[in-house]
Amino acid sequence: MGVKMRNKLLRNWGLKLCSFLIAAVLWLIVTNINDPVGTFRVYNVPVTIQNADLITDSGQVYEVLDHTDVIDVVTISAKRSIIDLLDESNIIAVADMNELTNLNTIAIKLSTNKYNDKLESIRGNIDNVKLNIEDEKTKTLPLRTVTIGTVKEGYMIGDITTEQNLVEITGPESVVSQVKRAAATVNVSGFTNNIGTDSAIRLYDENDKIIDVGSIEKNISKVRVTVEILELKSVDIIWKTKGTPARGYLANGEIVAGRNSVTVAGKSKAIANLNAIEIPDTALDITGATENLETIVDLTDYLPDGVILAEEDFKGKVNVTVGVEPIAERVVAIDKNKIQIVNLPEGYEAEIDMEEDAYDITLIGLERDLNALDVNAIQASVDITELMEAEGLSDTGAGNYTANVAFNLGNNAVTVRNNFSIRLIITEAEQ
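Counting the sequence shown from 1 gives a position; the working numbering is that position plus 300.
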């Protein structure tokens with residue numbers, strides 16, 4: 301009976317297969333208990349775009365939209381023993397430009413650089429890189445400089461220079477077309493000496509808003525800027541004239557200028573001894589003038605080297621008027637008794653031999669000076685010493701002479717038109 305049962309079992313293959321399957325299941329259960337399947341998450345995984353030259357070689361550029369070149373979360377499922385051997389450096393995410401769709405998307409392929417065939421699964425929270433593709437444009441812009449802040453009181457900004465004055469930008473046509481200017485900014489707050497600095501170049505749109513996009517490339521990102529700082533000083537303007545007006549006219553001495561002082565700037569050495577700007581008389585020549593001289597003088601022509609004008613709205617042009625007036629006349633009477641005889645030798649007497657008691661003289665000068673003249677203060681005299689010199693005499697004897705009368709008008713701006721002379725009788729004094 302025992303032998304029959306044994307032979308029966310050996311010939312029962314179904315039973316054998318069932319036993320094998322039970323054993324396999326038991327093995328799997330034991331294995332999973334010892335090495336279960338788990339998950340592993342990696343965050344912010346960058347996507348490498350392959351074969352990008354397919355776009356750039358055709359004269360186009362691309363821009364990644366919505367940050368889809370970074371996967372926020374990648375989830376990996378695998379045996380615990382495999383997961384324990386992986387970290388974020390093993391995750392590979394690629395998007396091949398050869399697989400670009402008509403919607404400008406590229407499928408993201410995820411893998412690991414080891415044990416990839418042992419993964420249960422690997423997936424990201426996004427599946428595609430989204431692109432904006434357009435023609436590439438290059439544009440050259442003049443490079444401007446902008447200062448912010450305020451230099452120390454008593455100083456101003458002079459010349460601003462840059463090592464380069466142009467910048468070339470390249471990028472998507474739609475973005476490059478928005479760029480209207482390029483500028484480098486320098487902070488000058490509190491400075492009293494020249495500034496030299498490397499300043500970042502920024503791009504601005506037509507509303508002066510900064511365009512800060514990574515899709516634009518600049519041929520230079522910084523530029524060396526030198527800002528000149530100058531000292532301020534207020535100085536007077538000195539006006540001078542030359543020449544004589546036409547016959548019958550006089551300069552009235554008035555110079556009316558749009559300004560008689562100005563603020564200038566320069567290095568300390570240049571303005572230390574500068575107290576005034578002297579305008580040469582050649583600029584105000586009234587030779588032959590029959591009316592006021594009206595002209596415009598450019599102060600910049602007369603500034604010392606290294607000195608500039610420092611007033612923002614003043615460019616140096618000054619209106620100047622030099623007064624010229626017709627000569628005026630006035631006839632006044634001089635009492636002969638007021639004519640003094642001076643330097644008469646001792647032992648002689650002198651008498652004016654004229655029938656009239658008073659003599660008219662014609663005074664000439666500016667109207668204002670004639671009106672201001674005090675006629676009663678006019679002094680008239682005959683100098684015997686001058687008479688002797690005029691007559692060629694070594695001494696004066698008794699006789700009749702014609703002598704010039706000298707006048708002291710008390711105002712050098714008024715003169716007597718012609719020489720005035722009298723007859724003079726000189727006699728020996730009675731003992």
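C-beta atoms are modelled at their ideal positions from N, C-alpha and C, and glycine is treated no differently.
Taking only the alpha-carbon atoms, compute the straight-line gap between residue i and residue j and give it to the nearest angstrom.
i	j	result
I639	P645	17 Å
E399	T470	26 Å
T368	T348	11 Å
G458	D601	19 Å
K617	V597	6 Å
A658	L603	58 Å
L441	N493	30 Å
E388	P346	11 Å
N404	N432	7 Å
R341	I376	6 Å
Q478	D366	21 Å
I661	V632	6 Å
T339	V364	29 Å
G692	N637	27 Å
L530	S521	29 Å
A628	N708	19 Å
A729	N700	15 Å
D434	D357	Residue identity differs from the one stated: residue 434 is Glu in this sequence, not Asp. Taking the straight line joining both Cα atoms gives about 13 Å.
G710	R723	25 Å
K615	K542	26 Å
T649	S681	Correcting the residue type first, residue 649 is Glu in the shown sequence and not Thr. Each residue's alpha carbon lies about 15 Å from the other.
V675	N619	38 Å
R559	N465	38 Å
S561	L666	29 Å
Determine which residues share a DSSP beta bridge with residue i and list them.
i	result
K617	D598
Q360	D435
V525	T462 and T497
F720	V705
T412	I391
M688	Its beta-bridge partners do not exist; DSSP assigns none.
S561	D536
F340	I376
R423	T375
P645	Beta-bridge pairing links P645 to no other residue.
Going by the beta-carbon positions, is the gap between residue i and residue j smaller than 8 Å?
i	j	result
L503	A484	no
N704	N718	no
A672	V624	no
T696	I726	yes
D372	N413	no
V527	V488	yes
V486	I501	no
I608	A565	yes
L354	M397	yes
I422	V370	no
V475	N519	no
D683	V642	yes
V525	I586	no
So what does DSSP say about residue i, is it helix, strand or coil?
i	result
N712	coil
A570	helix
L321	helix
K418	helix
M456	strand
K638	helix
T696	coil
R547	coil
V451	coil
E531	strand
Does the stretch 564-576 touch the stretch 524-540, meaning 3 or more C-beta pairs lie closer than 8 Å? Contact holds: three or more Cβ-Cβ distances are below 8 Å.
Would you say the stretch 386-397 touches the stretch 407-415, given that touching needs at least three Cβ pairs under 8 Å?
-> Short answer: they touch.
Any contact of the stretch 460-475 with the stretch 506-518, i.e. 3+ C-beta pairs under 8 Å? Short answer: they touch.
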